[in-house]
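Engineer:
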Amino acid sequence: MKNPLLKQMKEGIVTNNPTFVQLLGMCPTLATTTSVINALGMGVAVIAVLTFSNLFISLVRKIIPKEIRIASYIVIISGFVTAVELIIKAFFPAIDASLGIFIPLIVVNCIILARAEAFASKNGPLMSVIDGISTGIGFTLALSLIAFVRELLGTGKVFAASDGTGGVTVLGGWYSPATIFLLPAGAFLTLGFILAAVRKIGDKAEERNHRKEVLAHIDEAFAPADVPELTAEEVENDG
Amino acid sequence: MGNIFLIMFAAILTENFIFSRFLGICPFLGVSNKPSTAFGMGMAVTFVMTVSSAATWAVYHLILEPLHLEYLKTIAFILVIATLVQFIEMFLRKYVPALYGALGIYLPLITTNCAVLGSALLNIQKGYGFGESVVFGFSSALGFTMAILVFAGVRQRIEIANPPRAFRGFPILLIAASLAAMAFAGFSGMSFN
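Sequences listed follow chains A and F, in order. Each residue of the first sequence is one higher than the last, beginning at -9 in my numbering. Each residue of the second sequence is one higher than the last, beginning at 41 in my numbering.
1) Using 8 Å as the Cβ pair cut-off and three pairs as the minimum, do the segment 83 to 98 of chain F and the segment 197 to 212 of chain F touch?
2) Where does A/G182 land, buried or exposed, given buried means 16+ other C-beta within 10 angstroms?
3) Counting only beta-carbon separations shorter than 7 Å, does A/P55 have a partner in chain F?
4) Using 8 Å for Cβ pairs, my map puts A/T273 next to A/P8. What's the rounded Cβ distance?
5) Residues bridged to A/K147 by DSSP?
6) Below 8 Å, can you find three or more Cβ-Cβ pairs linking the segment 44 to 54 of chain F to the segment 112 to 125 of chain F?
7) Could you check where the alpha helix (DSSP H) with A/I233 kicks off and where it finishes?
8) Rounded to the nearest angstrom, what separates A/I136 and A/I127 at their Cα positions?
9) Please list, in chain order, the residues of the segment 58 to 75 of chain A that have any C-beta partner in chain F closer than 9 Å.
10) So with CB distances below 7 Å, who are the chain A contacts of F/M222?
11) Kindly list the residues whose CB is nearer than 7 Å to the CB of A/I37, restricted to its own chain and excluding five residues on each side of it in sequence; keep chain order.
12) Between the Cα of A/I64 and the Cα atoms of A/K79, A/L45, A/L103, which residue gives the shortest distance?
13) Assess contact between the segment 122 to 130 of chain F and the segment 138 to 149 of chain F, defined as three or more Cβ pairs (one per stretch) separated by less than 8 Å. Is contact present?
14) Does the Cβ of F/F170 have 16 or more other Cβ atoms within 10 Å, making it buried, or fewer, making it exposed?
15) Label F/F68 either buried or exposed according to how many other C-beta atoms from any shown protein chain fall within 10 Å of its C-beta, with 16 as the threshold for buried.
16) Which residues of chain A have a Cβ atom closer than 8 Å to the Cβ of F/A206, listed in chain order?
17) Roughly how far, in whole angstroms, is the beta-carbon of F/I215 from the beta-carbon of A/F178, given that I think they are within contact range, below 8 Å?
18) Output needed in chain order: residues of the segment 82 to 102 of chain F with a Cβ under 8 Å from some Cβ in chain A.
19) Quick one: which unbroken alpha helix (DSSP H) runs of 4-plus residues sit fully inside the segment 49 to 80 of chain F? Chain order, please.
20) In angstroms, rounded to a whole number, what distance separates the CA positions of F/L104 and A/G156?
21) Using 10 angstroms around the beta-carbon of F/S76, count the other beta-carbons present and answer buried if the total reaches 16, otherwise exposed.
22) So, does the CB of F/L147 fall closer than 7 Å to a CB anywhere in chain A?
23) With respect to the alpha helix (DSSP H) encompassing F/I128, which residues constitute its N-terminal and C-terminal limits?
24) Could you tell me whether the segment 78 to 96 of chain A touches the segment -6 to 3 of chain A, using the rule of 3 or more Cβ pairs below 8 Å?
25) So is A/A182 in contact with chain F if we call contact Cβ pairs under 7 Å?
26) Smallest Cα separation from F/L162: which of F/L147, F/S92, F/N73?
27) A/T169: buried (16+ other C-beta within 10 angstroms of its C-beta) or exposed?
28) Look at the alpha carbon of F/T152 and the alpha carbon of F/G193, and state the distance between them as a whole number of angstroms.
29) Specify the secondary structure class of F/S249 as computed by DSSP and reduced to three states.
30) Examine chain A for any beta-carbon lying closer than 7 Å to the beta-carbon of F/G183, and answer yes or no.
31) At 9 Å on the CB atoms, spell out the chain A contacts of F/A138, in chain order.
32) Counting only the same chain and skipping the five closest in sequence on each side, list residues whose C-beta sits under 8 Å from that of F/P148.
33) Can we say the segment 174 to 193 of chain F touches the segment 50 to 63 of chain F, given the rule of at least three CB pairs closer than 8 Å?
34) For the segment 8 to 68 of chain A, which segments carrying the alpha helix (DSSP H) assignment without a break, of at least 4 residues, lie completely within its bounds, in sequence order?
35) Kindly indicate if chain F contains any beta-carbon less than 7 Å away from that of A/F129.
36) Give the range of the alpha helix (DSSP H) segment to which A/K(-3) is assigned.
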């Protein structure tokens, strides 16, 4: 992980995952995860907006006066959101129908404003783009995981199209779909359990690292001291 | 009149912003730790959402539509809301300092509350007239306030409970919210159409 670009990627996707670690952007996380396709659609839209807004904000960061920066960021972000909204309306009407007002609501998604304020306003264009892409991918992966669980338990299938057709049947006829997972209650429930699981895994990893560190310290403390071997001459003198 | 009643009923109960539309989850989880703060936030949101429903309706139907600039509605609405929040803050500070003292700290947070922009966009999507828009904004905000208040009560009980380590904090809150959402799902069986 010497490469700063790779380090930044890991930061956005794993260590600082916007959904599971920073708990930002909860509204779309809960609302658009009824199916994996919806979640992917939302994720790709956010990646596009985040990457371009980060790039643009990073380019103009030295021109924007400090006092009105938040307002300027919101205007820049809503410009890109409108562009993405029009593209989705034109080419993916099914996605547009199922995501509804959550596409324009990307404007007020805290993830995008948070990255603009915390990263793009302080870093160069290349790093900002990398940050945008990786944070977006982290968001998309988190959404897809939640959607996978909800769709699987809620319908027994995954990857069904927005209108419910197609998809891969995973759980066969013996499984009676638990519709509650598609309802709002299921969204809160799934996210709650996944967050707990993520935290458990994080705790375990931390514990392991901590143990390794402690063991290393002990090894160091009890390692035989580095005494240089006596040369033949010294032995002779000693004697 | 019957229509207005239906809009209010649906916005408060069957299509509650928090528990069925997922709008305004961030303040819902963020400021629901005490009933008093929850109430303050709820009142501030109600105030802003009612006024912004009227303002965004006017901007859309009187400015954007005649100029055929409907596609600019997202940008226009967020600017209207941000300006409005700023304006309300200045107005309250000058003329109603008591109310400003109570709501002041919540006002800046409301600009990025998706419930406010969400209700503005829903008004347009549903094709509501001016009166209906204002009623929808007001009653949606009432539903939001009710949800956040109910949840603040639940949260005080959770604080003294002892869930497993991994569930402490956010996860157990979401599971509690899930149970509350289940209760609200009961209202969705009530239909007047």
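Yeah, the Cβ is synthetic: ideal placement off N, Cα and C, and Gly gets one too.
Structural biologist: In brief:
1) no
2) What you label residue 182 of chain A is simply residue 192 of the first sequence in a count that begins at 1. Classification for A/G182: buried.
3) Locating residue 55 of chain A in the first sequence gives position 65, counting from the first residue. Chain F, which has no Cβ nearer than 7 Å to the Cβ of A/P55, makes this no.
4) Chain A is shown from -9 up to 229; residue 273 of chain A falls before or after that span and cannot be answered.
5) Here the question's residue 147 of chain A lines up with position 157 in the first sequence. The partner list for A/K147 (beta bridge, DSSP) reads A/T159.
6) no
7) Residue 233 of chain A is absent from the model: chain A starts at -9 and stops at 229.
8) As a position in the first sequence, residue 136 of chain A is number 146, starting the count at 1. As a position in the first sequence, residue 127 of chain A is number 137, starting the count at 1. Between A/I136 and A/I127, the C-alpha separation is close to 14 Å.
9) I60, A61, I64, V65, I67, S68, G69, V71, T72, E75
10) Here the question's residue 222 of chain F lines up with position 182 in the second sequence. The contacting residues are A175.
11) For the purposes of this step, residue 37 of chain A is taken as residue 47 along the first sequence, with counting starting at 1. Correct list, in chain order: I123, G126, I127, T130.
12) The sequence position of residue 64 of chain A within the first sequence is 74, counting from 1. Closest by alpha carbon: A/L103.
13) yes
14) Numbered from 1 along the second sequence, position 130 holds the residue referred to as residue 170 of chain F. With fewer than 16 other Cβ atoms within 10 Å, it is exposed.
15) As a position in the second sequence, residue 68 of chain F is number 28, starting the count at 1. Classification for F/F68: buried.
16) Position 166 of the second sequence, counted from the start, is the residue given in the question as residue 206 of chain F. Those within 8 Å of F/A206 in chain A are A186, A187, R189, K190, D193.
17) Residue mapping note: residue 215 of chain F aligns to position 175 of the second sequence, counting from 1. Residue mapping note: residue 178 of chain A aligns to position 188 of the first sequence, counting from 1. Confirmed, Cβ separation roughly 7 Å.
18) none
19) 65 to 70
20) Position 64 of the second sequence, counted from the first residue, corresponds to residue 104 of chain F. Position 166 of the first sequence, counted from the first residue, corresponds to residue 156 of chain A. Going from the Cα of F/L104 to the Cα of A/G156 covers about 40 Å.
21) For this step, residue 76 of chain F is matched to residue 36 along the second sequence. With fewer than 16 Cβ atoms within 10 Å of its Cβ, F/S76 is classed as exposed.
22) The count along the second sequence starts at 1 and reaches residue 147 of chain F at position 107. It does not; no Cβ of chain A falls within 7 Å.
23) Start at 1 with the first residue of the second sequence, and residue 128 of chain F comes out as number 88. That run of the alpha helix (DSSP H) goes 113 to 135.
24) no
25) Here residue 182 of chain A corresponds to residue number 192 of the first sequence, with the count starting at 1. Per the sequence shown, the amino acid found at residue 182 of chain A is Gly instead of Ala. Chain F contact via Cβ: present.
26) Counting from 1 along the second sequence, the entry for residue 162 of chain F is found at position 122. Ranking the options by Cα distance to F/L162, first place goes to F/S92.
27) Sequence index remark: in the first sequence, residue 169 of chain A carries index 179 (1-based). A/T169 should be labelled exposed.
28) Position 112 of the second sequence, counted from the start, is the residue given in the question as residue 152 of chain F. Position 153 of the second sequence, counted from the start, is the residue given in the question as residue 193 of chain F. Distance between the alpha carbons of F/T152 and F/G193: 25 Å.
29) The structure shown has nothing for residue 249 of chain F, since chain F only spans 41 to 233.
30) For the purposes of this step, residue 183 of chain F is identified with residue 143 of the second sequence, where counting begins at 1. No, F/G183 lies away from the interface with chain A (no Cβ there is under 7 Å from its Cβ).
31) Taking the first residue of the second sequence as position 1, residue 138 of chain F is located at position 98. Ordered by position in chain A, no residue passes the 9 Å Cβ test against F/A138, which lies about 28 Å from the chain.
32) The residue you call residue 148 of chain F lines up with position 108 of the second sequence. So the qualifying residues of the chain are V125, E129.
33) yes
34) 16 to 21, 26 to 49
35) Here residue 129 of chain A refers to the residue found at position 139 when the first sequence is read from its first residue. False, the Cβ-Cβ gap to chain F never drops below 7 Å.
36) Within the first sequence, residue -3 of chain A is the residue found at index 7, counting from 1. First-last of the alpha helix (DSSP H) with A/K(-3): -6 to 0.
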